[in-house]
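FYI, the numbering for the sequence shown is 3 to 251, going by the numbering used here.
Where a beta carbon is used, it is the ideal one built from N, C-alpha and C, also for glycine.
Okay, so here's the structure we're looking at.
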Amino acid sequence: PPPLPPPLPPSSLRELLADDRLRGLLTVVVTAGVVQQLSGISAVVNLSTVWLQENGVPQEWIALTIIWMNAANVVATIVAGALVERSGRRQLLLGSVAGMIGCILCLTAGMCTLHTALGVRMAVWGVVGFVAAFGLGMGPIPWLLPSELFEQRHRATAAGVAALCNWGVSFFVTTVFLPMANVLGPLSFVPFLCALVCYLAYAWHALPETRGHHPDGDSEAAARAGSKFSEGSAAAGVQGGALAGSSPA
């Protein structure tokens, strides 16, 4: 067999933070991973049935919510797989976040009017729609970003930092949700709504389209992708053209 190329020099978090371009990329990746959990998805998947029951949603509706929520997750994952290359990462993620914002508004309005049949339906469909919207973009795309933004040498370090932050925030949200819900009642998802609104504004300006971008390549296509990336990521501190056809030293 042909000999393997020499191993790449190891990367480190210090190196990522010291370089302006890499730090900007890391900000984009970590922010997406953190907001994935600050959206409240862990609370919805793990604790929403308890929260709905404590707030007076009938048991038969809670049973239907569990079934529909899991079905929506499966369908959304299939649809996302079909659209991620056709629509692009940026468009799918922004649309996903916008849909999650709308579903939290629907859920909150329903929880505030549970004394009506329409309120119960709005609460249930808000939860189901939230899971579906999450699965379309906010679920898968944050995990794709490290491999499409970082050269191979830095990819594992960036992905590890993003995963650590993601799971740390997931633990935090799951821990504080029920105590927070005891205080906020039907408005328990408003903090998650605020996080998503802020991220939507940030991602609109800072998130590039990474479809077709190959940070280790040196072709014209990679160069064009790098140029588009640099233009779309100015707010994240990414300097123009730095990714175009770059390869590790």
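Q | Nonlocal neighbours in the same chain, by C-beta distance under 7 Å from Arg157, ignoring five residues either side | A | Pro148 and Ser149
Q. Do you know offhand how far Asp21's Cα is from Gly162's?
A. 18 Å
Q: Can you say whether Ala78 is buried or exposed, counting buried as having 16 or more other CB atoms within 10 angstroms of its CB?
A: buried
Q. Is Thr176 helix, strand or coil when you go by DSSP?
A. helix
Q. Residues in its own chain within less than 7 Å of Met71 by CB, not counting five upstream and five downstream?
A. If we look at Met71 and ignore the five residues flanking it on each side, its Cβ neighbours are Val129, Val130 and Val133.
(Q) For a test of the three-state rule: what should DSSP assign to Glu153, helix, strand or coil? (A) coil
Q: Give me the Cα-Cα distance between Leu166 and Thr118, rounded to the nearest whole angstrom.
A: 43 Å
Q) Run through DSSP, which three-state label would Asn48 get? A) Asn48: helix per DSSP, three-state reduction.
Q | Span of the alpha helix (DSSP H) around Ser89 | A | DSSP places Ser89 in the uninterrupted alpha helix (DSSP H) bounded by Gln61 to Ser89.
**Q.** Opening and closing residue of the alpha helix (DSSP H) in which Phe191 lies
**A.** No alpha helix (DSSP H) holds Phe191; DSSP gives it neither H nor E.
Q | Ala203 classed as buried or exposed, judged by whether at least 16 other C-beta atoms fall within 10 angstroms | A | exposed
Q | C-beta atoms of Ala82 and Leu94 nearer than 8 Å | A | yes
Q: Would you please state the rounded distance, in angstroms, between the beta carbons of Leu252 and Phe191? I believe it to be under 8 Å.
A: The requested residue 252 does not occur in the structure, where the chain is confined to residues 3 to 251.
Q: Determine, using beta carbons only, whether Leu54 and Thr33 come nearer to each other than 8 Å.
A: no
Q: Give a yes or no on whether the C-beta atoms belonging to Gly112 and Val122 are separated by under 8 Å.
A: yes
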